[in-house]
Every structure is written in C-alpha cells, then in structure tokens.
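Undergrad: Sharing a structure, written as structure tokens. Questions coming.
There are 2 protein chains.
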Amino acid sequence: MAAAMKNRQVVLASRPLGIPQAEHFRIAQADVPDLRDGQFLVRNEFLSVEPAMRGWVNAAANYADPVPIGGVMRSFAAGTVTASRHAGYAVGDKVMGMLGWQEWAVSDGTGIRRKVREAGLPLSLSLGVLGINGLTAYFALTEVGQPRPGDTVVVSTAAGAVGSAVGQIAKIAGCRTVGIAGGPTKRQQCLDEFGYDAAVDYKAPDFIAQLAAACPRGVDVYYDNTSGSITDAVVQRINKNARIVVCGTASVSSWDPWPSGPRIERHLLNKSARMQGFLVWDYEHRYEEAVAKLAPWVRDGRLKYREEILDGLESAPDAIAGLYRGENQGKRLIRLPPEAAHGV
Amino acid sequence: MAAAMKNRQVVLASRPLGIPQAEHFRIAQADVPDLRDGQFLVRNEFLSVEPAMRGWVNAAANYADPVPIGGVMRSFAAGTVTASRHAGYAVGDKVMGMLGWQEWAVSDGTGIRRKVREAGLPLSLSLGVLGINGLTAYFALTEVGQPRPGDTVVVSTAAGAVGSAVGQIAKIAGCRTVGIAGGPTKRQQCLDEFGYDAAVDYKAPDFIAQLAAACPRGVDVYYDNTSGSITDAVVQRINKNARIVVCGTASVSSWDPWPSGPRIERHLLNKSARMQGFLVWDYEHRYEEAVAKLAPWVRDGRLKYREEILDGLESAPDAIAGLYRGENQGKRLIRLPPEAAHGV
C-alpha cells in the first residue's frame, strides 16, 4: 500500500441544533494509515444517507454518543476489502458496516455489520432493502408488531425506504395494509408500487376522514416512524391488543424543548395495547436470518424498493437535509467513483 | 322465598362529569324477584369501592358501557348463596363477582368471577388482596412487567390496595422495590408495612431528587397507576428494555379535554422500552392460578394488606369520592349487616 494514499472524508464542522445542513460539514483529506495486524482496508463504494443521522450529530441524549466535531461523519457504507491483515476478512470480500462518509476505511472488524454474499443482487441493496432499512422493517414488524393474517397494519412514512418494506412484508404476512404518506404522488406510489390495500395523504385536509375510511376494522399494528399528529390520529383507532412500533420520530424537528402531545396512557389502558421502541441494533445477531428471508422476496419481485443514488462525496453534506426536505425518492445513497478516477 | 323480600340498592341518580360524588347516587328499594331455572340468589356481605368505578359511570368511551341512569351501581361484591335453581351453585357457596351495590343479587352465573374457597381467610379478602386488587397486581407485574431478580421496580400509588401488592410481589421476585406515595405517612407505610427498599413522596418539593436517589441503577419496571407528572418523572429514568405497565390514571381528574404531556415516543425509542396497558379482565381464565400463589403469601405474612371497612349501604354513595380525596387507608369495602338486622 502506498504511503501517500489519500482519503477524502466528510467531517462534522459544527454541531447542528436540529436537522444537519450542508454547512455543518466540510470535506477534508487525510492519509490512509498503514494496516496493523488485525486490520483491513475497505474501499467504500456506497455511502448511506438516513434520517437517523440527525440524531448522531445532535448533542441531545440519544442511543449513541454524538459524532465529535472534526470527526468523520458516522454512516453505514458498503465496499470491498482491498488489503487485509485480518484472518476473517480477505481481499475481495464485500462488507457493510459503520465505515463512515469517506473513501477508505480501516477496520478491525468492530464496525462491520455483515459480509454481503447475496448472489446476483447489487451491493447497494446491502444499505437499503437488504440492509438496515430492510432489517429494521423485518424485525420491527415481525418481532414487535407481531402481525397476524387479517390484521390491519398502518404504516407511516409508507413510501420511504423502511416503511415501504414494512407494508410489503405485512402484505406477505396476510395483513390488510394501509400506508400514510405525504402528498398525492407518494400516496399513489404506495398503491401502485408498494401494493398497499389503501393509502392516505397526511397533508390532505381530510386526512382524518381518509384514515377512518381506510381502516374500517380499526388498527391492529401501527408502524410509527413519525410521532406527532399522524400518530395521534392513528392511536384514536387502535383495536384491542394493538401493537404500536416506535421506530422513528420524523415529524419532530427538535427535542429541545421536548414536545408535548395528547397523553397516550388511557388509549393503551382501554385497549390493553402496547407501544414499544425499536432499535435494529438489538437484533444484530439475527441479521442473516432476516436477509435469508428478504433476499428471495426481492428476487421474486414481492419486495420492491427504490434507490436514489447521488454521485460523489461532494453530494454528502446536503444529503441529510434533503431527506428532511422530502426530496428523495427511495433509499438515498452516495456512490463513490472507482479508485482510479481521482488518481491514487 | 318470601315474595315480600325487599332489596335495598344504590342506584345512579345522575351522570357525573368527573369523580362521582354522593349526590350522583340514591338509595332505592326493589323487590327481590323469584328465582327462575338457572338462577341463584346471593346475599351480599361485602361491597367493593374502587377508583375504576369512576370510569364505569362516566359517559366517555371506556372499556365497558357506562352504568345507566337509574341502574344499580356496578361493583364487585362477595356473599353467600342463599337459594339456588342453578346446578353449579349450591346454598352456602361463597362467591365473588359483579353483584352490584345492593343487598341481594340474583345471578345466572354470568357476573360471577370466582367461588371463594380459601380456607381460614376472611371472605373480604376476595375483594382485595385475593380479589381484583391482588389479581391485578399479580398479572400486571408478572405478565407485563416481567420482573427479573435484581431489577429496580418502581410502583406508583405504592401504599394503595394494588400498588402495595405489586411492591411486595416484586420483592418476593427478588427485585429492588421503590414506592411512590403521597405524603410522609404513606411514604413511611411503604417502608414499614409493605417492605419497599426505598420510598419517595411525590408531594415533597424534592420529589425528583428523592426519586433519583432511590433509583441509582435506573428503572426496569414501572407500575404506572397515575399517569401525569409522576409518570413523566419516572420515564426520565428508565433503563434499556424497561417495561411500563399502565394500570390506571389516578392523577388525571378528567379526560375531557384530553390532557397533554411530554411525548413518550423518544424515551421508548432510545431505550427499546415498552409501555403497555393492562386490564385484569384479560386474565379472567387464570384467576385461580394467581390466587393459588397469593393465598399462601398472605398466610405466611409475606403479602400484607390493609382493609378499611365502612358499615352499611348508606356509606356507599360518598365512598368513591372519598377514595379520590385520599382518605382511605387500604382497600375500601362496605360491609352489609346480616339479613335479620333489618327485618326481612
């Protein structure tokens, strides 16, 4: 490995209070360090962009320490091992893990989530429908949502990377699926592309009436990725023993001050219902089990997905803000050019 | 049976908006009807008084239809079968069930929750520590709370009829128990009488600090019988995979308008925690299993209880309001005089 090999990185320049914008990041350059025993080098080919990254840079207490100022932006990425002094990783292995928004990543295996072995499917899927998005959808729905055939499953952010998978997996499980999305285009996408039985537009003035009409038998499972007024509307319609899976709080722009809303306790009590937080990290030991289910569904077309691929590291700084502007169409990824293209 | 036998009853005179007061009830007199085939007659000896009765008379949607105006007040009661044309119930059987605030109840068995067979224990316990209170404590804690040895279990209304049992059952399960009660007397009762490891006074100005000191390792299980600011304080301290069992909302005086509070979703998400409503009716098929556990604990003194017995039907109308005034010491019951005393 050449000592002069350069690694371009997106680092956190300042700490955002809410949604991280382009100006909170800058592009820096570092040397790729020599490998020590037990390490290997990954050439990142795809970097992930996801809503949760907001929480990774905010100072507020969260489920992980925030990215330090000046640190490489934490992210999932997928790439190929190009050099190795680690017995478990060979040159040519495809890996997915917390490799950061950078061209090259040195790893001792700690941040690696899985080796990507699915034959005949693009590596990018390991960051989307076969990655954290699909794994989140699978475990959140099956383990916490526990859908039974005939159940009505309501999905918020229904056309999103996770939500669209939740809806389709629920359909495969024999449920009636109802998608909630923003605007007529996404609503139609729920119906045409992701096969929801019904879809409602939370931005429409008659949202509440749309929701009621879409759930004539109430709500058994609610995949809650929004919190806020969408959740408040769904909770009104839960059935006995309903399961609410809290996976995200996309509608809440800031937790300082902490937002208020209608108290949930009486709804849960009246219906013996359950509201439970879900973190996909809790299921890391079971990822392969889920991929083994999901990959065949992708191959046979029962589990559709959308990707939106941005090109080059320069597109990264504004990419999270763009998610919150709602401009993405499907799982947002950043594709890095092949190594030779910028002359290592 | 004499045709002239009279039955004094407490009926709902008007519908309260919040907590039912004495003036919402009146005492009426009806004939005891002749028994038809499949019916039996119970002489009520103890009538139950409990916070949930507020919900049974309010018009707001709840888990049961409200008591109609002019109807006998719904309640648990325990008594003895004095006449029977039902093959399953014999004269002399002790029964507990939804027999109402009245002296005599004709039943076809529908409202009966169980036959009381515990040897050497007072019948009144079938309405308290061996009745709905103890059953609620047992199933709410074990089935929803799922305590493990070493867990910190926090109990609101900790000196109450259900809460005190929750705390003691959690202690038997090997947990550290922390009681929350109102005022220094109830707080001391938690420590001296119900064996909590720590107790805090939610009315004290330093409640939050008391709670923090009592839970140095956070909160694994929270028995929530209050909602409101007590719950908001406990939720701040929950551990990974915490279980919040919602059994009541005693601190909420009205659900019209629906009260607001800090949103719970982010707490549940950050901790993969669960908040679940509990209704003891869901466990009716398992009552005997629980009584078989609870009765030996009562006999050997590991499960202590307090009863507060009011005398006569006349004490019923104000009895629910009294609970909400916090004047009761232990499970509140109304004892009816023996049949002969008012000259049937």
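If you read the sequences in order, they're chains A and B.
Going by our numbering, the first residue of the first sequence is number 1, and it counts up by one from there.
Going by our numbering, the first residue of the second sequence is number 1, and it counts up by one from there.
C-beta atoms are modelled at their ideal positions from N, C-alpha and C, and glycine is treated no differently.
#1: Do three or more CB pairs link the segment 331-339 of chain A to the segment 181-195 of chain A at distances below 8 Å?
#2: Quick check on G150(B) - is its C-beta less than 8 Å from some C-beta in chain A?
#3: For M73(B), which beta-bridge partners are listed by DSSP?
#4: Could you check how far apart the C-beta atoms of T152(B) and D220(B) are, in whole angstroms? I think they sit under 8 Å.
#5: Check E314(A) in the structure and name its three-state DSSP category.
#6: Can you tell me whether S84(B) is helix, strand or coil according to DSSP?
#7: Taking W255(A) as the query, report the chain B residues whose CB atoms sit under 8 Å from its CB, ordered along the chain.
#8: If we count the other Cβ atoms within 10 Å of its Cβ and call it buried at 16 or more, is R354(A) buried or exposed?
#9: Residues of the segment 238-249 of chain A with a CB closer than 7 Å to any CB of chain B: list them in chain order, please.
#10: Under 8 Å between C-beta atoms, does P317(A) make it to chain B?
#11: Would you be able to state if there are at least three C-beta pairs under 8 Å between the segment 123-136 of chain A and the segment 42-55 of chain A?
#12: Would you mind telling me which residues of chain E sit closer than 7 Å to G261(A), beta carbon to beta carbon, in chain order?
#13: Which residue marks the beginning of the beta strand (DSSP E) containing K331(A), and which one marks its end?
#14: If we count the other Cβ atoms within 10 Å of its Cβ and call it buried at 16 or more, is G163(A) buried or exposed?
#15: Along the chain, where does the alpha helix (DSSP H) containing L294(B) start, and where does it finish?
#16: Using a beta-carbon distance below 8 Å, is A273(B) in contact with chain A?
#17: So which residues of chain A does G277(B) contact, with C-beta pairs closer than 8 Å?
#18: Find the residues of chain B that neighbour S227(A), judging by a C-beta separation of less than 7 Å, and give them in chain order.
#19: According to DSSP, D276(B) sits in a beta bridge with which residue or residues?
#20: When you compare the CB positions of R274(B) and R306(A), do they come within less than 8 Å of one another, or not?
#21: Tell me, to the nearest whole angstrom, how far the beta carbon of G178(B) is from that of A214(B); I am working on the premise that it is less than 8 Å.
#22: For E45(A), which of helix, strand or coil comes out of DSSP?
#23: At a CB-CB cut-off below 8 Å, which residues of chain B make contact with D224(A)?
#24: Runs of 4 residues minimum, wholly inside the segment 81-147 of chain A: which ones carry the alpha helix (DSSP H) assignment?
#25: Bridge partners for I238(A) per DSSP, in chain order?
#26: Put E327(A) into one of helix, strand or coil per three-state DSSP.
#27: Does chain A have any CB closer than 8 Å to the CB of D282(B)?
#28: Assign E284(B) to one of three DSSP states: helix, strand, or coil.
#29: Alpha carbon to alpha carbon, how far is L141(A) from I169(A)? Give it in angstroms, no decimals.
#30: Can you check whether the CB of I238(A) is closer than 8 Å to the CB of H346(A)?
#31: Using 8 Å as the Cβ pair cut-off and three pairs as the minimum, do the segment 244-254 of chain A and the segment 247-260 of chain B touch?
#32: Select from S260(A), A159(A) and V154(A) the residue whose C-alpha is nearest the C-alpha of A212(A).
#33: Is DSSP giving R54(B) helix, strand or coil here?
#34: Output needed for P259(B): all residues of its chain with C-beta closer than 7 Å, excluding positions within five of it in sequence on either side, in chain order.
#35: Report the option in I19(A), S84(A), R54(A) and R8(A) whose CA atom is closest to the CA atom of F40(A).
TA: The short version:
#1: Contact fails: fewer than three Cβ-Cβ distances are below 8 Å.
#2: Stepping through the second sequence from its first residue, residue 150(B) is reached at position 150. So, not an interface residue.
#3: Sequence index remark: in the second sequence, residue 73(B) carries index 73 (1-based). Answer by DSSP bridge pairing: none, since M73(B) is not bridged.
#4: Start at 1 with the first residue of the second sequence, and residue 152(B) comes out as number 152. Start at 1 with the first residue of the second sequence, and residue 220(B) comes out as number 220. Indeed, because the Cβ distance is near 5 Å, the residues count as touching under 8 Å.
#5: Position 314 of the first sequence, counted from the first residue, corresponds to residue 314(A). Reduced to three states, the DSSP call for E314(A) is helix.
#6: By 1-based counting over the second sequence, the position of residue 84(B) is 84. Correct three-state label for S84(B): strand.
#7: For this step, residue 255(A) is matched to residue 255 along the first sequence. The answer, in chain order, is R266.
#8: Any answer about residue 354(A) is impossible in this case: the structure gives chain A only from 1 up to 344.
#9: V246 and T249
#10: Looking up residue 317(A) in the first sequence gives position 317. No, P317(A) lies away from the interface with chain B (no Cβ there is under 8 Å from its Cβ).
#11: yes
#12: Reference to chain E is not applicable here, since the protein chains of this structure are A and B.
#13: In the first sequence, the residue the question calls residue 331(A) occupies position 331. Element bounds for K331(A): K331 to R335.
#14: Against the first sequence, residue 163(A) aligns to sequence position 163. Under this definition G163(A) is a buried residue.
#15: Counting from 1 along the second sequence, the entry for residue 294(B) is found at position 294. For L294(B), the enclosing alpha helix (DSSP H) has its first and last residue at Y287 to R299.
#16: As a position in the second sequence, residue 273(B) is number 273, starting the count at 1. Contact of A273(B) with chain A is assigned, a C-beta pair being separated by under 8 Å.
#17: Reading the second sequence from its first residue, position 277 is the one you call residue 277(B). Proximity of chain A to G277(B) at the Cβ level (cut-off 8 Å) is accounted for by E265, H267, L268, L269, N270, K271, S272, A273 and R274, in chain order.
#18: Taking the first residue of the first sequence as position 1, residue 227(A) is located at position 227. Correct list: R263 and E265.
#19: Numbered from its first residue, the second sequence carries residue 276(B) at position 276. Looking at the sequence itself, residue 276(B) is Gln, so the reference to Asp does not match. As a beta-bridge residue in DSSP terms, Q276(B) pairs with R274(A) and V245(B).
#20: Counting from 1 along the second sequence, the entry for residue 274(B) is found at position 274. Counting from 1 along the first sequence, the entry for residue 306(A) is found at position 306. No, the pair does not count as a contact, with Cβ atoms beyond the cut-off.
#21: As a working note, residue 178(B) is residue 178 in the second sequence. As a working note, residue 214(B) is residue 214 in the second sequence. The residue you asked about is not Gly; residue 178(B) is Val in the sequence shown. Their Cβ separation, rounded to whole angstroms, is 5 Å, which keeps V178(B) and A214(B) in contact under 8 Å.
#22: To locate residue 45(A), count along the first sequence from 1; it is residue 45. DSSP, read as helix, strand or coil, puts E45(A) in strand.
#23: The sequence position of residue 224(A) within the first sequence is 224, counting from 1. Ordered by position in chain B, the residues that pass the 8 Å Cβ test against D224(A) are E265.
#24: 132-139
#25: The residue given as residue 238(A) occupies position 238 in the first sequence. Its beta-bridge partners are V219(A).
#26: For the purposes of this step, residue 327(A) is taken as residue 327 along the first sequence, with counting starting at 1. Coil.
#27: To locate residue 282(B), count along the second sequence from 1; it is residue 282. It does; some Cβ of chain A falls within 8 Å.
#28: Along the second sequence, read from residue 1 onward, the residue named residue 284(B) stands at position 284. E284(B): helix per DSSP, three-state reduction.
#29: Here residue 169(A) refers to the residue found at position 169 when the first sequence is read from its first residue. Here residue 141(A) refers to the residue found at position 141 when the first sequence is read from its first residue. Using only the alpha carbons, I get a separation of about 8 Å.
#30: A question about residue 346(A) goes unanswered here, because the residues of chain A that appear run from 1 up to 344.
#31: no
#32: Here residue 212(A) corresponds to residue number 212 of the first sequence, with the count starting at 1. Measuring from the Cα of A212(A), the nearest candidate turns out to be V154(A).
#33: Here residue 54(B) refers to the residue found at position 54 of the second sequence. DSSP places R54(B) in helix when its eight states are reduced to three.
#34: By one-based count along the second sequence, residue 259(B) stands at place 259. Same-chain partners within the cutoff: V252.
#35: Against the first sequence, residue 40(A) aligns to sequence position 40. Considering only alpha carbons, the answer is S84(A).
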